[in-house]
Each structure stands twice: as structure tokens, then as C-alpha cells.
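Asks: Have a look at this one.
In the working numbering, the protein residues as written are 414 to 903.
The following block contains the structure:
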């Protein structure tokens, strides 16, 4: 039986986007403000979030692009995952073993027939008209049929224990399949939210590149006309910032391509088909967190817990079956034997051995008793396995409760951080708009616009990162509780 590894799960190696947003904000976006200083009319109209432009479409040729939601991606990955199909075949094996155990109650039939050629034989054990027998002379047909039927009557609980062990083994395999499904769903969600985060960061950096390009163009015009306070050094800074922004945009696009390929691998779409996100905006998961106790009570529904519990019951059933090996198995046996050789005389004497012409049968009551000196050792081994699993269950109980608490506190902290990030983005946007308007009216300095726009863009990046972190925390809480979290309207 596969023992569940509690508190651990495989992690996909994804492009690290977490620190990219902050690096963009701190190293690139402030340069763009130099351009805003020379483009005051455009800034005065208000600094708003980059418009929801559609992602640049990759060259897909004649591929059929499917727009998929998160739920559709999860369903497609469940249907196509080779790992899940492998586990389903393991379940098929467990079901076959259960049917085999249940078949132990049914009679066992055995049919054996042989056919050959035998030499002629006349007479009886005391007289024969032939003085000798030729091995290859006067050959004739011969056939023998034997049918045996064994029907178990009573096994003193051994058969019942074997059936229960197979049944619990099947339950453990089914729970293992659910565990693999949850890990797959977690991987799909991780990639999906990363793809949405990349899209949001791409919008931010694309807008930065656009503003840089406008700023460079405007600065070149002002320097050529000799107007304004911009210097050649300012123009070089803008060009440097534009090159850096374009480089960061390429890095984000590379991350988008890698995440897209990873999702495509999980979806296993047919050749000639591709996909795109139906919802590209990153939004918080619509859930309402409950108290910790309610989630800890649901921990027993986790597939890992049910897999371990079923494995323990299976081992206990195997132990009971082994302990009853000393007891006999009662059974009925039915026999039917028939043989015929036309060229050999049938022997009527009941004391004569007849191997070629006979018809006999009957029903017998029998019992089978195992007298194996290795039975005590096997019982001790089974008992040790049960004790080992019981100790693992004790450790797993406390471990799962701690894991649920950790996931719940993480989700709670990420939810609060998200609310703070949303408020910071709102205030940063208002600050940037106010600073730009003041500069346009001649009431502010370029430094104020520089700082305000940098604050807003950093707050925007933090907000999107906070959404992703919260969504992944919710997904982890769903995994460790084994249930989907309820939303405010559920």
C-alpha cells in the first residue's frame, strides 16, 4: 500500500515572477516620469491603470484556439493526465482482486480429458486368449474424462477477512486517485494564476514602454527646439529606461510562453489545437473564510487520511485471516470419472484395477488444515505492520491538523494583505493623478510626479501579486481540507 506523504506535494518549477514586478517598479518606471514631466497635458488627464488591451497573439498558423476557463482547464487535465490514467488502471487491478476474493465463495470446477491410442487387450486378470500383447498391434481409440467440483462450506472467517482486505485495498487506491487529482488541480491553478499575473505585469510594462517611447520622442523634440529644462543627460536616461523596459517586457513574454507550454502539457490537447485564457484579468477568489475549527473538522475528508485509514483496515483484515490459518477449511467435493477403450475388455471384478473402462462419481465432505511452522512468524509480521500504520496515523492526525492551521492562517494573512494592497493601489492612483494635475497647473515639481507615479506603479504590481498569493493560499486550503471553499453567496 502506498503511504501518503502528508504535508508535502510536488512543486512545479515556474518562472519567478514574484520579484519581477517590484524590480520593474523600482528600476524602470521612475525613468518614465521624466517623460511625463515633458508631457504634462497627457499626465494631467489622470493617471489610470493600463487599459485592458488584449494579449499579443502568437503565430498559431491554422491552429484552432480554444478559450478556456480555470474549471475547463481542470476538467481537461483530469481527463488527459497520464498519471491519473495510470492510477485508474491500478484501481482496475484492485477491483479485479476484489472480484477474485469474492469468487472464493463460489465452487471451483476442473475439467480434464485425455485421448490416445491403446493396444487391444482381451480377457481378465486370470485368463486371456492372447498369449502376448503387441505394443503397436490392433490399436484403438481411448479417452478419459475427469470432472472435479469443490464448494467451500465454512472457512471460520478467513474468506470474509480476505474479501474485506481487498475491499479496503480498493478504497485506498481510490483515495490515492483523489489525492493525485488534487495535486493536479493545484498545479493547474498555480500555472493559471501565474499566467494571469504575467498578463497583468505585461500590461503594466507595455504601458511603461509606450510612455517611454512618447517621452523619448517628446524630449528629442524639445531638445531640438531648445525649449524646456530637459538636458541631453535626461534624454540618455530616457533611452536607457526604454531599453531596460523593453528587455523586461521580453522577460515577461518569455515567462508567458513557458507557462503556456506547461499548461499545454497538462491539457494534452489534440494536435493542431491551442488554447488561450478566457479570463485574462487576475481577480481574487470569491471565498469567505470561516473559523479554523470548521476547517480542521473537515481534515478527515482528505484523500490522504482516507487512504491511510483504508490501508490500516486492510492490514487488520489480513492479520485476522492469518490468525485463523490454524482453523480448518470445510468443503464439499464432487467427482465424476469416465473412461472408455472399445478394443479392451471391461473388467467386472471389483478387485481388478481398471484404467481404461469405468464410470464412477460421488460427493465427499472434506476439510483442509494448514500445519505450517511459519504461521506464527507471519502473524507477528502482520501485527507489526498494523502497529506501524497505527503509529503513522497518530502522527498524521496531528500533522494534518497543523497543516490545516498553517494553510488557514496563510489564507487569512493573504486576504488581509490583499485588502491593504487594494487600498494602497487606490491611494497611489489618486496620488499620481493629483501630482500630475498639480504639475500641469504649475503648482508642483517634477520630483513629486516622479515619486507619485513610482508609488502607484509599485502599488499596482503589489496588488496583482497579492491577488495571486491569496488565490494560491485558497487553493492550498482547499487541498488540505479536501473540500471546495464556499463563497459569500453559497
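Every residue gets a Cβ at the ideal spot worked out from N, C-alpha and C, and that includes glycine.
Which ranges does the beta strand (DSSP E) cover as unbroken runs of at least 3 residues, wholly within the region 686 to 741, from first to last along the chain?
Replies: The qualifying runs are 686 to 690.
Asks: So is residue 716 buried or exposed if we call it buried at 16+ other beta carbons inside 10 Å?
Replies: With 16 or more Cβ atoms within 10 Å of its Cβ, residue 716 is classed as buried.
Asks: Drop a sphere of 10 angstroms on the beta-carbon of residue 556, count the other beta-carbons inside from all chains shown, and report buried for 16 or more, exposed for fewer.
Replies: Exposed, by the Cβ-count rule.
Asks: Just to confirm before moving on: does the CB-CB distance between residue 356 and residue 651 stay below 8 angstroms?
Replies: Nothing can be reported for residue 356: it is not among the residues displayed for the chain, which extend from 414 to 903.
Asks: Determine the DSSP secondary structure at residue 540, reduced to helix, strand or coil.
Replies: Looking at residue 540 - three-state DSSP - the assignment turns out to be coil, as it is neither helix nor strand.
Asks: Let me know the secondary structure DSSP gives residue 528 once reduced to three states.
Replies: Three-state DSSP puts residue 528 in a strand.
Asks: Less than 8 angstroms separating the beta-carbons of residue 886 and residue 819?
Replies: The answer is no: Cβ separation not under 8 angstroms.
Asks: Pop quiz: residue 601 and residue 677 are said to be a contact at Cβ under 8 angstroms. What is the actual Cβ separation, rounded to whole angstroms?
Replies: 12 angstroms between Cβ atoms; not a contact.
Asks: At what residues does the alpha helix (DSSP H) containing residue 479 begin and finish?
Replies: Looking at the DSSP string, residue 479 is not in any alpha helix (DSSP H); the run it does join, the beta strand (DSSP E), is 477 to 481.
Asks: Does the distance from the CB of residue 585 to the CB of residue 622 come in under 8 angstroms?
Replies: No; because the gap between Cβ atoms is not below 8 angstroms, this pair is not in contact.
Asks: Does the Cβ of residue 456 have 16 or more other Cβ atoms within 10 Å, making it buried, or fewer, making it exposed?
Replies: Low confidence applies here, because residue 456 scores a pLDDT of 33, under 50, leaving its location unreliable and the question unanswered by this model.
Asks: Is residue 689 closer than 8 angstroms to residue 489 when the C-beta atoms are compared?
Replies: Their beta carbons are not under 8 angstroms apart, which means residue 489 does not touch residue 689 by this criterion.
Asks: Under 8 angstroms by Cβ, that's how I've got residue 487 and residue 598 pegged, so tell me the actual separation to the nearest angstrom.
Replies: About 5 angstroms; that satisfies the 8 angstroms criterion.
Asks: Counting beta carbon pairs with one atom in the region 605 to 620 and one in the region 682 to 697, are three or more of them shorter than 8 angstroms?
Replies: Yes, since at least three Cβ pairs between the region 682 to 697 and the region 605 to 620 fall closer than 8 angstroms, the two stretches touch.
Asks: Grab the span of the alpha helix (DSSP H) containing residue 766 for me, first residue to last.
Replies: From DSSP, residue 766 is part of no alpha helix (DSSP H); its letter is neither H nor E.
Asks: Would you kindly report the start and end of the unbroken alpha helix (DSSP H) that includes residue 555?
Replies: Not the alpha helix (DSSP H): residue 555 falls in the beta strand (DSSP E), residues 553 to 567.
Asks: Thinking C-beta only, is residue 655 closer than 8 angstroms to residue 632?
Replies: No.
Asks: List the DSSP bridge partners of residue 498.
Replies: BP columns for residue 498 are empty, so no partner.
Asks: With DSSP run on the structure shown, which of helix, strand or coil describes residue 593?
Replies: Here residue 593 sits in helix by DSSP.
Asks: Please return the same chain residues whose Cβ sits closer than 7 angstroms to the Cβ of residue 895, not counting the five positions on each side in sequence.
Replies: So the list reads 711, 714, 715 and 716, once near-sequence residues are dropped.
Asks: Tell me whether residue 451 sits in a helix, a strand or coil according to DSSP, three-state version.
Replies: Interpretation of residue 451 is limited by its pLDDT of 39, a score under 50 that renders its predicted location unreliable; the figure taken from the coordinates is listed afterwards. Of the three classes helix, strand and coil, the one that applies to residue 451 here is helix, per DSSP.
Asks: Does the count of Cβ pairs from the region 510 to 521 and the region 722 to 730 closer than 8 angstroms reach three?
Replies: Touching, no.
Asks: Does the region 528 to 537 come close enough to the region 566 to 580 that 3 or more CB-CB pairs lie under 8 angstroms?
Replies: No contact exists between the region 566 to 580 and the region 528 to 537.
Asks: Give, in chain order, every unbroken run of the alpha helix (DSSP H) that is at least 4 residues long and sits entirely within the region 624 to 686.
Replies: Correct list: 645 to 680.
Asks: Here's the rule: buried if 16 or more other CB atoms are within 10 angstroms of the residue's CB, otherwise exposed. What is residue 437?
Replies: Residue placement at residue 437 is flagged as unreliable, the pLDDT there being 47, under the threshold of 50; the coordinate-derived value follows with that caveat. Classification for residue 437: buried.
Asks: Checking the sheet assignment: what are the DSSP bridge partners for residue 778?
Replies: Per DSSP, 745.
Asks: Cutting at 8 angstroms between CB atoms, please list the residues of its own chain near residue 542, excluding the five before and the five after it.
Replies: Once the five neighbours on either side are set aside, the close Cβ partners of residue 542 are 535 and 536.
Asks: Go ahead and label residue 527 buried or exposed: buried means 16 or more other beta carbons lie within 10 angstroms of its beta carbon, across all protein chains shown.
Replies: Its Cβ having fewer than 16 others within 10 Å, residue 527 is exposed.
Asks: By Cβ distance, which residues of its chain are closer than 8 angstroms to residue 663, with the 5 residues on each side in sequence left out?
Replies: For residue 663, where only same-chain residues beyond five positions count, there are no Cβ hits under 8 angstroms.
Asks: State the DSSP-derived secondary structure class of residue 797, mapped to helix, strand or coil.
Replies: In this structure, residue 797 counts as helix in the three-state DSSP scheme.
Asks: Would you identify the three-state DSSP class for residue 549, choosing helix, strand or coil?
Replies: If DSSP states are grouped into helix, strand and coil, residue 549 belongs with coil.
Asks: What do you get for residue 883, buried or exposed, if any count of 16 or more other CB atoms within 10 angstroms of its CB means buried?
Replies: Label assigned to residue 883: buried.
Asks: Among 645, 510, 670 and 616, whose alpha-carbon lies nearest the alpha-carbon of residue 687?
Replies: Ranking the options by Cα distance to residue 687, first place goes to 670.
Asks: To the nearest angstrom, how far is the alpha carbon of residue 640 from that of residue 634?
Replies: Straight-line Cα distance between these residues: approximately 9 angstroms.
Asks: Excluding the 5 residues preceding and the 5 following residue 835 in the sequence, name in chain order all residues of the same chain whose CB lies nearer than 7 angstroms to its CB.
Replies: Excluding sequence neighbours, residue 835 sits near 876.
Asks: If you count every other CB in all the chains shown that lies within 10 Å of the CB of residue 496, and 16 or more means buried, which is it?
Replies: Exposed: under 16 other Cβ atoms inside 10 Å.
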